[in-house]
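In this note's numbering, the protein residues as written are 3 to 403.
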């Protein structure tokens, strides 16, 4: 199994920085990072999962939403729960993990081993760090004033807004995203998935029906131009809203040499392949490869998806264009100035898997409606052009009157 390198993968992450600060003693920064690196490698070996994902799950499970402060009221001391902001909560959870790791029994075990075991336990909602968080929350829940305050707060927001459009998330349910639209989309996604499951429709991850995952396209060094060869390159602008490929305008070309090298890679196109835009302003747009576009390449801003032979590519293409498919894709967009979906996104996209016959029915329904809309669009464009061309004649007619 490949070893994790902190310098390349981890040093910029918030969790690692917090873990390092709490673990570090006497300014020995490199030693702290070395312990973290060894711990993550142990986690990766023992769980066969992404160590960073295990760490994130552990921190989420141990992050408290409140802390307990004592107050003297009428001569008696009472535990009073006080809400924590997210950064303080994360720091508290990480500190509990580190403290619990140092106190783990077992002579002869180094700190990296003990830390890895505590992180694995916390990710499974067991271990001392997780129990500490649960104890704090139990004390907070028993406090009658806190319960009354929370109930009053929820009622206040429900009265101020339409309760159908208002929903409540506890602090420990947050996924380190603060944009409300993410959680609103997530609520709709879960509702639709439950609706499908009630009809005994099996939901599978998109990654489970792909032949070789997401394959990214390529462009020649120096970029592509309109006159650099005779092989067309499919770019974002060539994928239409209707899910088709259009070379009517804005066509770029690559050389035959580049095309031959491209054909030797996983990027070689086949009939039924699905292209999906992975970054830019139109993330999530999809198109299906037909025989017309086999002798083409596609740019680095596009992923190619290829499904197994027992799955209808047009059915998957239609679902990804649906509201449920698009919202799942939009919720996976990350990044600042220019967002995008990353390699591995298909592990978080859920597809309703129906039998092959019904897949073909849905695919046919999609195809018939798209063709009808394209015909209407063509007629509309013709009428617009006719109207534009008639303006001068109308001006002359009006003047003659």
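Just so you know, even glycine gets a beta-carbon here, dropped at the ideal spot from N, CA and C.
Remember, predicted model here, so these are calculated numbers, not experimental data.
- Per DSSP, residue 353 is one residue of the beta strand (DSSP E) stretching across 352 to 355.
- Rounded to the nearest whole angstrom, the C-alpha separation of residue 369 and residue 220 is 29 Å.
- Within the DSSP bridge table, the entry for residue 300 names 236 as partners.
- Short of 8 Å from the beta carbon of residue 207, and not among the five residues preceding or following it, lie these beta carbons of its own chain, in chain order: 348, 349, 350, 351, 352, 353.
- In terms of Cα proximity to residue 249, the closest of 259, 273, 266, 289 is 289.
- Its chain contains 321 as the residues whose beta carbon lies nearer than 7 Å to that of residue 327, once the 5 sequence neighbours on both sides are disregarded; these appear in chain order.
- For residue 78, same chain residues with a beta-carbon under 6 Å away, outside a window of 5 residues either side, do not exist.
- Scanning 177, 144, 260, 176 for the CA closest to the CA of residue 81 turns up 144.
- With respect to the 8 Å criterion, residue 54 and residue 38 are not classified as neighbours on the basis of their beta carbons.
- Residue 64 sits in a helix when the DSSP states are folded into three classes.
- Annotated as distal: residue 313 and residue 278, with beta-carbon spacing of 8 Å or more.
- In the DSSP assignment, residue 386 falls within the unbroken alpha helix (DSSP H) covering 358 to 402.
- Between residue 135 and residue 64, the gap from beta carbon to beta carbon is short of 8 Å.
- Per the DSSP secondary-structure output, residue 35 pairs with nothing in a beta bridge.
- Using a Cβ distance threshold of 8 Å, residue 86 and residue 68 count as a contacting pair.
- A distance of 8 Å or more separates the beta carbons of residue 124 and residue 70.
- Here the alpha carbons of residue 113 and residue 47 stand approximately 17 Å from one another.
- Put simply, of 88, 310, 246, 36 the residue whose alpha carbon is nearest the alpha carbon of residue 61 is 88.
- For residue 71, DSSP records a beta bridge to 82.
- The C-beta of residue 16 has fewer than 16 other C-beta atoms within 10 Å across all chains shown, which makes the residue exposed.
- Excluding sequence positions up to five before and after residue 345, its CB lies within less than 6 Å of the CB of 216, all in the same chain and listed in chain order.
- Around the beta-carbon of residue 182, fewer than 16 other beta-carbon atoms lie within 10 Å, marking it exposed.
- Secondary structure at residue 100: helix, using DSSP grouped into helix, strand and coil.
- If you compare the alpha carbons of 96, 268, 187, 365 with that of residue 21, the shortest gap goes to 96.
- Under the DSSP assignment, residue 260 falls outside any beta strand (DSSP E), being part of the alpha helix (DSSP H) whose first and last residues are 258 to 265.
- By the neighbour-count criterion, in which 16 or more other beta carbons inside 10 Å mark a residue as buried, residue 392 falls on the exposed side.
- Separation of residue 254 and residue 395 (C-alpha to C-alpha, rounded to the nearest whole angstrom) is 38 Å.
- Within the DSSP secondary-structure output, residue 290 pairs in a beta bridge with 276.
- DSSP, read as helix, strand or coil, puts residue 245 in coil.
- In the three-state reduction of the DSSP assignment, residue 130 falls in the helix class, which pools H, G and I.
- By the C-beta density criterion, residue 294 is exposed, having fewer than 16 other C-beta atoms within 10 angstroms.
- The residue from 308, 386, 241 with its alpha-carbon nearest to that of residue 273 is 308.
- Per DSSP, residue 207 is one residue of the beta strand (DSSP E) stretching across 204 to 207.
- Residue 284 carries a coil assignment under DSSP once its states are collapsed to helix, strand and coil.
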